[in-house]
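2 protein chains.
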Amino acid sequence: MKIALAQLNYHIGNLELNSKKIIDCIKTAEQSNVDLIVFSELSVCGYSPLDMLEQKDFINKCYESLNKICSFTKNTAAIVGLPTINQNNRGKKLHNSAAFLYGGEIKKLLHKTLLPTYDVFDEYRYFEPNDIFEIIEFKNYKFAVTICEDLWDEQRTFGNFDREMLYKNSPLEILKKHKPDMVINISGSPYSYNQATHRQEILFKNAIKYSLPIIYVNQTGANTDLIFDGGSMVINSAGNTVLKCEYFEEDYKIINIDQLNELPPIKNINISPEKLRIENINKALVTGIKDYFYKSGFSKAVLGLSGGIDSAVCLALAVQALGPEKVDVLLMPTIYSSEHSISDSVEMAKRCNVKYHIINIEELRQKYIDNLSEIFANKQPDVTEENIQARIRGNILMAFSNKFGNIVLNTSNKSEAAVGYTTLYGDMNGALSVLGDLYKTDVYLLAEYINTKLDDIIPKNIITKPPSAELRPGQKDNDSLPEYNILDKILFAYIEQKKNAAEIEEITKYNKNIIDFVLKLVNTNEYKRYQSPPILRVSSKSFGFGRRMPIVAKFN
Amino acid sequence: MKIALAQLNYHIGNLELNSKKIIDCIKTAEQSNVDLIVFSELSVCGYSPLDMLEQKDFINKCYESLNKICSFTKNTAAIVGLPTINQNNRGKKLHNSAAFLYGGEIKKLLHKTLLPTYDVFDEYRYFEPNDIFEIIEFKNYKFAVTICEDLWDEQRTFGNFDREMLYKNSPLEILKKHKPDMVINISGSPYSYNQATHRQEILFKNAIKYSLPIIYVNQTGANTDLIFDGGSMVINSAGNTVLKCEYFEEDYKIINIDQLNELPPIKNINISPEKLRIENINKALVTGIKDYFYKSGFSKAVLGLSGGIDSAVCLALAVQALGPEKVDVLLMPTIYSSEHSISDSVEMAKRCNVKYHIINIEELRQKYIDNLSEIFANKQPDVTEENIQARIRGNILMAFSNKFGNIVLNTSNKSEAAVGYTTLYGDMNGALSVLGDLYKTDVYLLAEYINTKLDDIIPKNIITKPPSAELRPGQKDNDSLPEYNILDKILFAYIEQKKNAAEIEEITKYNKNIIDFVLKLVNTNEYKRYQSPPILRVSSKSFGFGRRMPIVAKFN
């Protein structure tokens, strides 16, 4: 039996586009005598439609799409994902379902059992868990169809205290009574830089535990903050990968499941995990930018180039995503800007082949100071005046955006966002934060990777100079913050690993005062991050939708 | 038996403050020979701590607080709410629990069964539902203790299609086998202008259905966007209210449950529902402002007075919440500002007795235009130049805030936020949106109410003039938008009632083009609202945390 894995890039709510993509693949499969083609979780509507799921019209359209797709199935059967209405009298209104289509008929609807409701996932907000465990019998094969998290029955609970198992049951453990020949998992699993390996391990473990091959189909592409990396694959019952789709690209591959044991295991490419991590972060962020623009109908970006490493890396990513002709950069010096901040930026813009515009904002800065001089009489300059500069730049970028239709890319990194070393309505402006989930030390690694890949596109001086916001004479980031290698270790332990101050001290051996200082900065800047643009998520715990902290609260 | 209802205002994460408040009440109760004192849901930590619940230290501190509180119970027993650790091997790590404390001992922990996971509620993100149904036996009485949503077993699912019942079981239906004498419900139920009546109906219905009296204890005060209205009460088994705590205030009342049937029913005050609604909105917003400042340690506010109704109402609310001496207002005219916008604002500031500062921003505006003239050469003026004005004002407000420590209040209303008739990083600035959940037509009603209450504090001309953003010559809101009475009806049907275009046409009889135009504006402005300040929630569907729409998506 030939099964096709269709790894596509769906657009949330764009049911016409999604069904066209799905139907095109079904037609292709039909032509090459594929028996079954498998699409990913919620492929009909895109993952995740969030509260669009509460709209009647939206659900009706999903059913319409399903019927249309179904009408194109002839000799090739298909499995697609969509929300369906719960037929029971009580419980959540919807199921997160897999529809098995064959010969123009909806043969079966199966539902997701384990509904992730943590981090960026809110599935229990919408869906009732499955409690009927059926399998699909098709052409002498029995398929245990599972949906994404259904294979993650050993998922741990958050945090690091006490018990660990999040779910109370295991769909495969229940389904095995039907003696399936194979597991199919349709997935909407977003990328994070530790997810790809973890996911593969889960699949291996399940294949070996149940002695069953697994066909895993994930989506690719990005929907605002969530980036999907694809990596669909087939694992044989010995736990070896025998087929693998590309990462961060649409892909379509066929496997003959009668010959699974004859296929040689695919070896992992010979690359260090750390190098692979950075390479994938580059791919993820490029995908994130590209799809934000493509799916929202924009093509041109603008960003402010400061001469620092963040805006340089952001530009290099934007150029990879959109092409140099679609990116404008603005240089907005004041009296506090160093000579090299201009010259490095100009050099960077030239190497990237993008249009740059120098708008000196010194007079504007001065005009604000004059305008406020009466009301600020007898007050010393402080962070107010620094913020004014950042906010003028934010305004100029938005004016450029309003006038020419370029979308502003935000260039702040995760370290800054964590400690609030950013100006609200200034350098926090933008439609999309490109680096907001990347610690400063990772931004450096990414810069080096990009320079290897793109022929030293980032001038060396931008990478080697000490980080500075240049908002007052001689300012350096480490005047107010610990060095980034220290800061980032503390932040990672606190945010990603959820360690407390004592544990962080134990792990890092850093001074307690420094740790307390950093944690306090993180906690007292929730109000700023609340108003941040959406952040492209590449870690297991990004600021934004997946990390919900109260604003008005007393922290430790 | 004497039972005390303790309706307190808790501060999330401020375990010391909360336990001090609880202990003080226990001591008071002890002195007046109260048998049992009841506090509200998650009273130990405040509702809702959100992802603070994922921190080990936080949970440990909740247990420490519980032990401390417990040590103060002697002859008076107490019921408090807190998160506790799920002792089962599998499932969510925590329960949302009620602890029954007596004689210095934790006698019993009971858990919440129905976990709201919709709108602003994410309880299943953290909590495992209860599946052990026990009651508390104390001094010859049997109490069925329920937690908030546990009484809402007939909660409907969202939207308006198909089936309606959200929950699969009914805690009271199960608990009745124990033949309880009374129901206790500890609650963390936020205010919305249709919630108070609905809540009372649910309590009446349950009392009558089970023929049991109900003691209902809710919290009061606000935590960022959520405002709790209190209104704790006792219902007898005939469904009559026999005791009622204040709304929007801390309160403490004692009832003798041996005499429940002898107490006369409390009549509802004789006020029209619509008048009561506006009166409560005023109370809610004042509470929201007051607690935002108090709980985040700030005392002073600043806002921009435009001469329009929104900023005037916002000022009147801020003055009620913080006192006139704690509020500064800025008037920031340009060449497009009408004469009356200044004179009305000055008059408003004087009537409110607040400090006002006139900062003419015309030269700054001109300076931006000059600065951008080269890059904007051959481009006609458009919304860019209008936004520049709004953003200068935003900057000046933030500069004032940075220099003097006054927190910026955002003055946009819900109608504007819905259709994106606001400037990101301009008039969308602020730490807290005061009117962001109030449609423009309700802002007018609130203005009239405030003028009745506060001796015409808002000058008549501010209420009667046609709404205008004054960002270009002769501009009026209804140049670009339908009249607000039409707009608001469409918005309410779409946002609160989740109707689709065809249904809205059916309800309102408005022109289809107008409806489509409005819905399109709502859908295409998700990106703006994503970066909005937190909004004080007064409706059943506020923008922000309770309404989660994808940004990059195709809508109808």
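Those sequence lines, one after another, are chains B and R.
Numbering follows numbering that gives the first Met the number 0, in which position 90 of the first sequence is assigned residue number 89; successive positions increment by one, without gaps.
Numbering follows numbering that gives the first Met the number 0, in which position 235 of the second sequence is assigned residue number 234; successive positions increment by one, without gaps.
Quick reminder that beta carbons are idealized off the backbone N, C-alpha and C, glycines included.
| If you draw a straight line from the C-alpha of B/S583 to the C-alpha of B/E278, how long is it? | Summary: the structure shown does not reach residue 583 of chain B, with chain B confined to residues 0 through 555, and so no result is reported for it.
| Around the C-beta of B/A376, are 16 or more other C-beta atoms found within 10 angstroms, so that it is buried, or is it exposed? | exposed
| task | Name, please, each residue of chain B whose Cβ falls closer than 7 angstroms to the Cβ of R/T383. | result | A398, N401 and K402
| query | Roughly how many angstroms lie between the CA atoms of R/K475 and R/G307, to the nearest whole one? | reply | 12 angstroms
| In three-state terms, what does DSSP make of B/L535? | coil
| Is the CB of R/V551 under 9 angstroms away from at least one CB in chain D? | Any reference to chain D falls outside this structure, whose protein chains are B and R.
| Pairing CB atoms from the segment 346-364 of chain B with CB atoms from the segment 477-497 of chain B, are three or more of them under 8 angstroms? | no
| query | Any residues in the segment 26-52 of chain R with a beta carbon nearer than 8 angstroms to a beta carbon of chain B? Which ones, in chain order? | reply | G45, S47, P48, L49, D50 and M51
| query | Going along the segment 428-450 of chain R in order, which residues come within less than 8 angstroms of chain B, judged by CB to CB distance? | reply | N428 and A430
| Under three-state DSSP, which class holds B/S96? | strand
| task | Check each candidate in R/G103, R/I534 and R/F544 and name the one with the smallest Cα separation from R/N409. | result | R/I534
| How many angstroms separate the CA atom of B/N359 from the CA atom of R/S337? | 32 angstroms
| query | If you drop the 5 nearest sequence neighbours on each side, which residues of the same chain put their C-beta closer than 6 angstroms to that of R/K60? | reply | L14
| query | Cα-Cα, which of R/F132, R/Y192 and R/S31 is closest to R/P170? | reply | R/F132
| query | Mind checking R/N267: buried by the 16 CB within 10 Å criterion, or exposed? | reply | exposed
| message | Just to make sure I have the definition right: I need the residues of chain R whose C-beta is within less than 7 angstroms of the C-beta of B/N390. Which are they? | response | Note that residue 390 of chain B is Arg in the sequence shown here, rather than Asn. Those within 7 angstroms of B/R390 in chain R are N394 and M397.
| Contact check, R/V418 vs R/L470, beta carbons under 9 angstroms | no
| Is it right to say R/D478 is buried, meaning 16 or more other beta carbons lie within 10 angstroms of its own, or is it exposed? | exposed
| Excluding sequence positions up to five away, which residues of its chain have a Cβ less than 6 angstroms from the Cβ of R/S64? | L14, S18 and V43
| request: Using the Cα positions of B/M331 and B/G303, report the straight-line distance between them to the nearest angstrom. | output: 7 angstroms
| task | Could you check which residue in B/G425, B/Y420, B/N450 and B/D343 has the C-alpha nearest to that of B/A389? | result | B/G425
| field | Environment of B/D632 [buried if 16+ CB atoms lie within 10 Å] | value | Nothing can be reported for residue 632 of chain B: it is not among the residues displayed for chain B, which extend from 0 to 555.
| Collapsed DSSP secondary structure at R/I105 in the structure displayed | strand
| task | Give me the Cα-Cα distance between B/K439 and B/A446, rounded to the nearest whole angstrom. | result | 11 angstroms
| query | Along the segment 57-90 of chain B, what residues have a CB closer than 9 angstroms to any CB found in chain R? | reply | F57, I58, N59, K60, I84, N85, Q86, N87, N88, R89 and G90
| said: Within a Cβ cutoff of 7 angstroms, which residues of the same chain sit near B/E346, ignoring the five residues on either side of it in sequence? | reply: P458
| Between the segment 319-326 of chain B and the segment 291-300 of chain B, do at least 3 Cβ pairs fall closer than 8 angstroms? | yes
| query | Which bits of chain B does R/R546 rub up against, with CB to CB less than 8 angstroms? | reply | D50
| query | Can you list the residues of chain R that B/M164 reaches, using a CB-CB cut of under 7 angstroms? | reply | N88 and R89
| query | What is the rounded straight-line gap between the Cα of R/R392 and the Cα of B/L518? | reply | 33 angstroms
| Residue from R/Q496, R/I21, R/L81 and R/V285 whose Cα sits closest to the Cα of R/V433 | R/V285
| query | Residues of chain R with CB under 9 angstroms from B/Y291, in chain order? | reply | I550 and V551
| message | Need the endpoints of the alpha helix (DSSP H) that R/I11 sits in, please. | response | From DSSP, R/I11 is part of no alpha helix (DSSP H); its letter is neither H nor E.
| Distance CB(R/I68)-CB(R/A76) smaller than 9 angstroms | no
| said: Let me check understanding here. Comparing Cα to Cα, which of R/A195, R/I253, R/Q258 and R/N239 lies closest to R/D556? | reply: The displayed coordinates of chain R run from 0 to 555. Any statement about residue 556 of chain R would go beyond what the structure contains.
| said: Is R/D121 close to chain B? Criterion is C-beta to C-beta, closer than 9 angstroms. | reply: yes
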